[in-house]
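Enquirer: Residue numbers (this note's numbering): 204 to 511.
Note that the Cβ used here is the ideal one computed from N, Cα and C, for glycine as well.
All figures in this text were calculated on a predicted structure; none of them were measured in a lab.
Sharing a structure with you now.
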């Protein structure tokens, strides 16, 4: 039935109820239907550094500009990291070479977990996953840093490196967690045994609003003997989600790297907007650009999102 026919039917029904004197309350209250399209809030975690590399933590909403598919958006949500809990999936590569280095650095890892969980938001939590050929959830999200440190010190080594699978599973675990989502990946090499691809891992991280940080335990300082393509893939994965990769050549370097991750976590901004004026493309990828009005500042933020 066309819209004209539908309108005649409604008027005929109304005339019947008026003539009969039996006009019901639900007809009186009835209005023309209004159709509303649900638009999901897009969330972006951003870190800002100045020209010297120092983290900038004193910016306000007005200092940021967000572009979706090249179109300027209105920022509807602005919060600093100190106001939001963070859920972290700690992904540890358990190939033999990494396990040896982490056993040497047990105290550093414990210190990192203690500072993270004791010095942050009361609802911060960490889950520990390990990966070689298989990905294993050693424990779900917890605030017990002592238990996490014990588990991290008793890792069983294995063959293979399913890095992309690990990021995919970690992203799925983060999807429904409150607050900020972060994946901290500790490895020394490239993916060799994943079922999922680089693009599938990146897409899963985008869908989970997860920022990926990598700590690359570099086996040698010289580029000879290193898997540079794997390192570049890890860097691309991290920067595309708004994170970065820290290289650690030794135990002091591991401490500096973990400290760098903590510093950025403490200074993140959460920006949110409802997409306006951009192509619908359900399920399609939307590129994002985040800028700041102050000169000389660099923004780290994810490269885009997938429209739900």
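1) Residue 244 by DSSP, collapsed to three states: which one?
2) In whole angstroms, give me the CA-to-CA distance for residue 420 and residue 269.
3) Alpha carbon to alpha carbon, what distance is there between residue 503 and residue 407?
4) In three-state DSSP terms, what is residue 476?
5) Residue 276 to residue 336, Cα distance in whole Å?
6) I'd like to know whether the C-beta atoms of residue 287 and residue 473 end up nearer to each other than 8 angstroms.
7) Given a cut-off of 8 angstroms, decide if residue 372 and residue 332 are closer than it, judged by their beta-carbon atoms.
8) Straight-line CA distance for residue 394 to residue 273?
9) Do the CB positions of residue 475 and residue 244 come within less than 8 angstroms of each other?
10) When DSSP labels each residue in this structure, what does residue 294 get in the three-state scheme?
11) Leaving out five residues before and five after residue 501 in sequence, what residues of the same chain have Cβ atoms less than 6 angstroms from its Cβ?
12) Which two residues bound the contiguous beta strand (DSSP E) that contains residue 384?
13) Determine the burial state of residue 498: buried for a count of at least 16 other Cβ atoms within 10 Å of its Cβ, exposed for fewer.
14) Do residue 352 and residue 291 have their C-beta atoms closer together than 8 angstroms?
15) Under three-state DSSP, which class holds residue 394?
16) Inspect the CB distances between the segment 259-268 and the segment 295-309 and report whether three or more fall short of 8 angstroms.
17) Taking the Cβ atom as the reference point for each residue, do residue 446 and residue 414 lie within a distance shorter than 8 angstroms?
18) Pick helix, strand or coil for residue 278, following the three-state DSSP scheme.
19) Taking only the alpha-carbon atoms, compute the straight-line gap between residue 257 and residue 461 and give it to the nearest angstrom.
20) Going by beta carbon distance, what residues of the same chain come within less than 6 angstroms of residue 202, once the five residues before and after it are set aside?
21) Which residues in the same chain as residue 299 place their Cβ atom closer than 6 angstroms to its Cβ, once the five residues preceding and following it in sequence are excluded?
22) In chain order, what residues of the same chain lie with their CB nearer than 7 angstroms to the CB of residue 466, ignoring the 5 residues before and after it?
23) Nearest-angstrom Cα distance between residue 379 and residue 412?
24) For residue 492, which residues of its own chain have a beta-carbon under 7 angstroms away from its beta-carbon, when the five flanking residues on both sides are left out?
25) Could you tell me whether the Cβ of residue 357 comes closer than 8 angstroms to any Cβ of chain B?
26) In the DSSP assignment, find the beta strand (DSSP E) that holds residue 345 and state where it starts and stops.
27) If residue 330 and residue 376 are in contact, beta carbons under 8 angstroms, what's the gap, nearest whole angstrom?
28) Give the DSSP-derived three-state secondary structure of residue 330 in the structure shown.
Expert: Based on what the coordinates show:
1) In this structure, DSSP gives residue 244 a state outside helix and strand, which the three-state scheme calls coil.
2) Taking the Cα positions, residue 420 is about 34 angstroms away from residue 269.
3) 19 angstroms
4) Correct three-state label for residue 476: strand.
5) 43 angstroms
6) Contact flag set, yes.
7) yes
8) 33 angstroms
9) yes
10) strand
11) Excluding residues within five positions, the ones whose Cβ falls inside 6 angstroms are 252.
12) In the DSSP assignment, residue 384 falls within the beta strand (DSSP E) that extends over 383-390.
13) exposed
14) For residue 352 and residue 291, no; Cβs fall outside 8 angstroms.
15) coil
16) They do not touch, by the three-pair rule.
17) yes
18) Correct three-state label for residue 278: coil.
19) 16 angstroms
20) Only positions 204 to 511 of the chain appear in the structure, and residue 202 is not among them; the question remains open.
21) 360
22) 258
23) 10 angstroms
24) Excluding sequence positions up to five before and after residue 492, its CB lies within less than 7 angstroms of the CB of 270, all in the same chain and listed in chain order.
25) The structure shown contains no chain B, having only a single protein chain.
26) First-last of the beta strand (DSSP E) with residue 345: 338-345.
27) 6 angstroms
28) strand
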